[in-house]
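Chains as they are written, first to last, in the numbering used here: chain D, 1 to 121; chain B, 1001 to 1121.
Glycine included, each C-beta is placed from N, C-alpha and C at the ideal position.
What follows is a short report on a single structure.
2 protein chains.
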Amino acid sequence: MNLENIKAQMRKGVLEYCILSIISNEGRCYASQILERLKEAQLLVVEGTLYPLLMRLKNDGYLSYEWEESRSGPPRKYYQLTAAGKGFLEELRRSWNELVQAVQTAADGNAEIQNPESSNA
Amino acid sequence: MNLENIKAQMRKGVLEYCILSIISNEGRCYASQILERLKEAQLLVVEGTLYPLLMRLKNDGYLSYEWEESRSGPPRKYYQLTAAGKGFLEELRRSWNELVQAVQTAADGNAEIQNPESSNA
DNA sequence: TTAGATACCTTGCAATACAAGATACTTTAA
DNA sequence: TTAAAGTATCTTGTATTGCAAGGTATCTAA
Chain D
1 MNLENIKAQM RKGVLEYCIL SIISNEGRCY ASQILERLKE AQLLVVEGTL
51 YPLLMRLKND GYLSYEWEES RSGPPRKYYQ LTAAGKGFLE ELRRSWNELV
101 QAVQTAADGN AEIQNPESSN A
Chain B
1001 MNLENIKAQM RKGVLEYCIL SIISNEGRCY ASQILERLKE AQLLVVEGTL
1051 YPLLMRLKND GYLSYEWEES RSGPPRKYYQ LTAAGKGFLE ELRRSWNELV
1101 QAVQTAADGN AEIQNPESSN A
């Protein structure tokens, strides 16, 4: 159980959230573009991870896509969020924030940490 | 792929960090105690998750334990961090903070969040 | 001896990240 | 035509691991 392994574990749960966020922010984008954005954010994700994940999200109705030709290579699959995807993204955002809060609570010895916003006395 | 599933995924990577943190904060504690602390922090973890994890951490030299009798039940296994465990906990803390930062970067549309090193690019 | 509470541990399944490799289209250049 | 290189999507096999469910052992109380 080395550190890289653990870091990979940590990444796992947040990929859906990050990927949906990126697509939401970009409006529409294709896989290689998403990989680039993740890399920029220091989230190392590879193709073998991303493609099955996009397919899962599509099969669950959170994403739709259209093929579009490129001027410099093979056609691209442009993904965008469906209405259900937008709702799901909101749920993921909430879940992520709750997790961050929970980890802080556990890691800080259950001290009474409050939301930075609400603790503004 | 329902929300509960995803939330479970999100929890996965941070369990080691939370558990080592709790043991570090308490000084020494036994499994049922850890489960209680995690529950207080809204991190739902069950025995079948915790025990194998404690054993892994012990086998990797991050934890040691001593048996101790209880006045009201079977003996307890009290865990505490080894020197290596303390170092590992620091690494996990750093990794967690990096992840939180990375997710924020990805989710916020790669807005320029404080990135000390690339600030003069 | 029976029941219940507390505590620790194991087995089997399901989910999934990732390494590695496959497929397919386009351009460029012999 | 053929070959090579670049871009893009997708599949297969493996290893890890969280968790449901069940098991073992100790102590207390009737």
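Taking C-alpha atoms, which residue in the options lies nearest to residue i?
i	options	result
G1013 (chain B)	B:I1034, B:L1035 and B:W1096	B:W1096
N59 (chain D)	D:R76, D:E91, D:A84 and D:K7	D:A84
L1081 (chain B)	B:Q1009, B:S1024 and B:A1102	B:S1024
A106 (chain D)	B:V1045, B:K1007 and B:E1004	B:V1045
A1041 (chain B)	B:E1066, B:E1090 and B:I1019	B:I1019
G109 (chain D)	B:R1056, B:R1028, B:F1088 and B:N1005	B:R1028
K77 (chain D)	D:Y51, D:F88 and D:E98	D:Y51
E1030 (chain B)	B:M1055, B:A1008 and B:L1043	According to the sequence provided, residue 1030 (chain B) is Tyr. The question's Glu does not apply to it. Minimum Cα distance to Y1030 (chain B) is reached at B:M1055.
I1006 (chain B)	D:K39, D:L57, D:I6 and D:S70	D:L57
K944 (chain B)	B:P1075, B:E1066 and B:Y1062	What is shown of chain B runs 1001 to 1121, which leaves residue 944 (chain B) out entirely.
S1064 (chain B)	B:E1091, B:L1089 and B:Y1079	B:Y1079
How about residue i: is its C-beta nearer than 8 Å to some C-beta of chain D?
i	result
E1098 (chain B)	yes
M1055 (chain B)	no
E1090 (chain B)	no
Y1078 (chain B)	no
Which chain D residues sit within Cβ distance under 9 Å of residue i?
i	result
A1128 (chain B)	This structure leaves residue 1128 (chain B) out entirely; chain B is present only between 1001 and 1121.
G1013 (chain B)	I6, K7, A8, Q9, M10, R11, K12, G13 and V14
So with CB distances below 7 Å, who are the chain D contacts of residue i?
i	result
C1018 (chain B)	V103, A106 and A107
V1045 (chain B)	Residues of chain D passing the Cβ test: none, with the nearest at roughly 10 Å.
Spell out whether any CB of chain B is found under 8 Å from the CB atom of residue i.
i	result
K86 (chain D)	no
I23 (chain D)	no
Buried or exposed for residue i, please, with buried defined as at least 16 other CB atoms from any protein chain shown within 10 angstroms of its CB.
i	result
R37 (chain D)	buried
K1003 (chain B)	A quick correction: the sequence has Leu, not Lys, at residue 1003 (chain B). Exposed is the call here.
M10 (chain D)	buried
S32 (chain D)	exposed
S1021 (chain B)	buried
A102 (chain D)	buried
E1016 (chain B)	buried
A8 (chain D)	exposed
Please compile the residues from chain B whose C-beta is within a distance smaller than 9 Å of the C-beta of residue i.
i	result
L81 (chain D)	In chain order: nothing, as chain B lies at least about 14 Å away.
Give the residues of chain D in contact with residue i, contact being defined as C-beta atoms less than 8 Å apart.
i	result
S1095 (chain B)	L3, I6, K7 and M10
Discussion item. Please list, in chain order, the residues of the region 29 to 40 of chain D that have any C-beta partner in chain B closer than 7 Å.
Written reply: For the region 29 to 40 of chain D, which is checked against every Cβ of chain B, the residues closer than 7 Å are R37, L38 and E40.
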